[in-house]
Amino acid sequence: MSDGAMIIIIFAAIIIIPVIVVFSVIGIAKIKREKKKKYYSGITWGTVEDIKLKGLDHPWVITVSYNVNGQDYMVKETVKLKTETLKAGIIPIGQKKTFVMGDVKAGDEIKVRYDEKRPEKAIIEGNDGAVTG
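What follows is the structure in structure tokens.
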């Protein structure tokens, strides 16, 4: 095998392996979330207690309190984001990231999906996606 072919194979591996790993992690996370959505059959309203940016290179974290059968619980999740392209006419000039759940803030009421057998296990309804930062 020539040196040129070997270099191409090495560069392809350097690019392909991380892409496969990233897509695998995203796929597994999506499957786990979908399983929770099916298994967590209880639905209640919760109150957004806090939405905090954990730092410049870290994601937003949302904390929601909710009540099931007179017992108070809290759930924390990384806020999922969606990306919009900003344009000047037809020319893309940047991107804007917004919450998948829409414009939520402390004090807002949002749905929480929880495990009826173990209500301390919960997810925030509508906080679905892969982009976190």
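Under our numbering, the residue at position 65 of the sequence shown is numbered 67, and the numbers go up by one with no gaps. Backbone N, C-alpha and C fix where the C-beta goes; we use that ideal spot for every residue, glycine too.
Residues near residue i in its chain [Cβ-Cβ closer than 7 Å; skip 5 each side]
i	result
residue 96	88
residue 52	65 and 108
residue 38	125
Residue environment, residue i, which counts as buried when at least 16 other CB atoms sit within 10 Å
i	result
residue 82	buried
residue 115	buried
residue 41	exposed
CA nearest to the CA of residue i, picked from the options
i	options	result
residue 80	17, 43 and 129	129
residue 113	99, 77 and 21	77
residue 126	57, 12 and 103	103
residue 132	26, 48 and 117	26
Cβ-based neighbour list, residue i, same chain, cut-off 8 Å, excluding 5 preceding and 5 following
i	result
residue 74	67 and 68
Beta-carbon proximity list for residue i, same chain, < 6 Å, skipping 5 on both sides
i	result
residue 99	83 and 85
residue 206	What the structure shows of the chain is the stretch from 3 to 135, and residue 206 is not part of that stretch, so it cannot be assessed.
Quiz prompt | Whole beta strand (DSSP E) elements within the region 91-121, 3-residue minimum | solution = Within the region 91-121, the complete beta strand (DSSP E) segments at least 3 residues long are 93-101 and 111-116, listed from N- to C-terminus.
Exercise. Quick one: which unbroken beta strand (DSSP E) runs of 3-plus residues sit fully inside the region 6-37? Chain order, please.
Key: Within the region 6-37, no complete beta strand (DSSP E) run reaches 3 residues.
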